[in-house]
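See below for the structure under consideration.
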Amino acid sequence: MKYLQGYPPALLQQVGEMMAQGELGPWLARRYPEPHGIKSDKALFDYTQELKSRFMRNAAPLNLVRFDAKLKIIQHALGTHTRAPQQQGAKTKMRREIRIASLFREAPAEFLRMIVVHELAHLKELEHDKAFYALCHHMEPNYAQLEFDTRLWLTHREQPEPPAS
């Protein structure tokens, strides 16, 4: 349960029992039945811009938002934000990009929102500190629960299928 490292042992035991009994997937499906309709990079950019304009009007503009199949979930990168200087004549501007792991195309709507909120928060707060999580909770009040449930979903996705009878 690599996505759940750092959580209390009692909670990990409960998750382990749900997995062993085959209950984790159905529980997640009942809790998060709504898929999202965001499948293209353009739709993801528009979705991210809407959240940004709603909660972070004064943040620097985004140049690119896209799904990225190259992000390695194993390295705990569900999304990335980058800042790179870009020369335009005599001016240097900062190019800001957000990339979201492609597996979020198939995720429940709430999990996509959580990861987009997380990456947007990095526009203002680089470190995962108190200010960062306060901003995440400002944009998504249920952020902590969604982050945990996203980790459960990732854990479930990697669980081997039971053998067919």
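Taking full-length UniProt numbering, the leading residue of the sequence shown gets 1, the next gets one more, and so forth. No residue lacks a Cβ here, since even glycine has one placed at the ideal position from N, Cα and C. A quick note: this is a predicted structure, and the numbers were derived from the prediction, not measured.
- Residues of the same chain with a CB within less than 8 Å of the CB of M114, apart from the 5 flanking positions on each side, are E140, Y143, L146, E147 and T150 in chain order.
- In the three-state scheme derived from DSSP, where H, G and I count as helix and E and B as strand, K124 is classed as coil.
- With a contact defined as Cβ atoms closer than 8 Å, P108 and Y32 qualify at about 4 Å.
- Residue state for K91 is assigned as strand, using DSSP reduced to three classes.
- G25 and A90 have their C-alpha atoms spaced approximately 55 Å apart.
- Remark: C-beta atoms of L12 and V116 do not approach each other more closely than 9 Å.
- Assigned with DSSP and collapsed to three states, D68 falls in strand.
- If you draw a straight line from the Cα of L103 to the Cα of K93, it comes to about 31 Å.
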